[in-house]
Each structure stands twice: as C-alpha cells, then as structure tokens.
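In what follows, a single structure is set out as structure tokens and then discussed.
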Amino acid sequence: MITRSVLALGLVALLAACGADGPPTRPEPKERPAASGVSVHGTVKMGVAYP
C-alpha cells in the first residue's frame, strides 16, 4: 500500500515537472563539417544460401 502511494506520488511529481521551465524550443541547426574528400564504393548482397 505504501509502495503504491510512493510510486503514484513520484509519477505525479514527474509529470508536474514537465514544462516547468517554459514551452519547448527547437534546437539551433548544427553547422555541417567540411567535406573530407573520402568516398566509399562497393556492393552489398544479403540472402540465404540453400545447399
């Protein structure tokens, strides 16, 4: 009984804290790093081989 009460109180406290610091904001876009000049080429095959 006490365990359920503690868990319920913890859940209510967690949900009450959502948005406490204001509305959500989008993160600023990250700068893309310069191209490295490395390229990878090849072929990949997947499947099942039956004997």
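Quick note, the sequence shown lines up with residues -19 to -1, 1 to 32 if you use mature numbering (1 follows the signal peptide of the UniProt record, and there is no 0). For each residue, glycine too, the CB sits at the ideal point set by N, CA and C. Just so we're clear, the structure is a prediction, and the values are computed from it rather than from any experiment.
Cα separation between residue i and residue j?
i, j, result
"V25", "P4", "46 Å"
"P10", "D2", "22 Å"
"residue 91", "A(-3)", "Any answer about residue 91 is impossible in this case: the structure gives the chain only from -19 up to 32."
"A16", "H22", "16 Å"
"G(-10)", "T6", "26 Å"
Residue i lies in the alpha helix (DSSP H); which residues open and close that run?
i, result
"R7", "Where R7 is concerned, there is no enclosing alpha helix (DSSP H), given that its DSSP letter is neither H nor E."
"T(-17)", "-18 to -3"
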